[in-house]
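Single-structure report; data block below.
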Amino acid sequence: MNILVINGPNLNMLGIREPDLYGKEDYAALVALVEETCAQEGIQVEVFQSNHEGAIVDKIQGAYGKFDGIVINPAAYTHTSVAILDALKAVSLPAVEVHISDVSQREDFRQVSYAGMACIKTYMGLGLEGYRQAILSLKAHLQNH
Ligand code: CA2
-19 MNILVINGPN LNMLGIREPD LYGKEDYAAL VALVEETCAQ EGIQVEVFQS
31 NHEGAIVDKI QGAYGKFDGI VINPAAYTHT SVAILDALKA VSLPAVEVHI
81 SDVSQREDFR QVSYAGMACI KTYMGLGLEG YRQAILSLKA HLQNH
């Protein structure tokens, strides 16, 4: 099993500001958690971060035929990007959405998730633990389908 974990804009700044929303751990800790979880579960993983919408679209397109599934936190593009939604639909790989914060309790403009419309499940408000849950859930889905 081979999965792709995608993180959107500004997530590389984790741990630098807004610890109340996003926690104290930095982006390297997020990558370590994902890599450790996947190693424990016998999953191969690539972790990708970009601040650019088109680069994320390119990465999703490139996942076709290469990865079995995707875990994605599109960050701010969650709430704006039909292009990321369309790319997820185009490759038709099982995808799980993660948000570190509980977006359901935040501003009105965060209440829509375009990417989420192409995802089998969403985890939010669990901090970095949400990535672990998303990986486990994606693994279970891939084993059952
Ligand atoms: O809760 C999440 O994971 C979000 O995807 C994070 C995005 C936000 O736009 C989404 O609504 C919810 C923002 C990521 C920005 O990360 C920062 C890290 C450090 C300092 C400031 C922002």
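Residue 64 in the working numbering sits at position 84 of the sequence shown, with consecutive numbering throughout.
Even for Gly, the Cβ is constructed at its ideal location relative to N, Cα and C.
Asked: Grab me the residues of residue 26's own chain with a C-beta within less than 6 Å of its C-beta, minus the 5 sequence neighbours each way, in chain order.; Found: -16
Asked: What does residue 77 pair with, by DSSP beta-bridge criteria?; Found: 52, 102
Asked: Between the region 72 to 84 and the region 48 to 63, do three or more beta carbon pairs fall short of 8 Å?; Found: yes
Asked: Among the residues of its own chain, which have a CB less than 7 Å from the CB of residue 63, if the five just before and after it don't count?; Found: 33, 37
Asked: Use the C-beta contact count for residue 115: other C-beta atoms within 10 angstroms, 16 or more gives buried, fewer gives exposed.; Found: buried
Asked: Could you spell out the range, first to last residue, of the beta strand (DSSP E) harbouring residue 29?; Found: 24 to 29
Asked: Quick one: give me the first and last residue of the beta strand (DSSP E) that residue -18 is part of.; Found: -18 to -13
Asked: On the DSSP letters alone, give me the boundaries of the alpha helix (DSSP H) that residue 117 sits inside.; Found: 109 to 124
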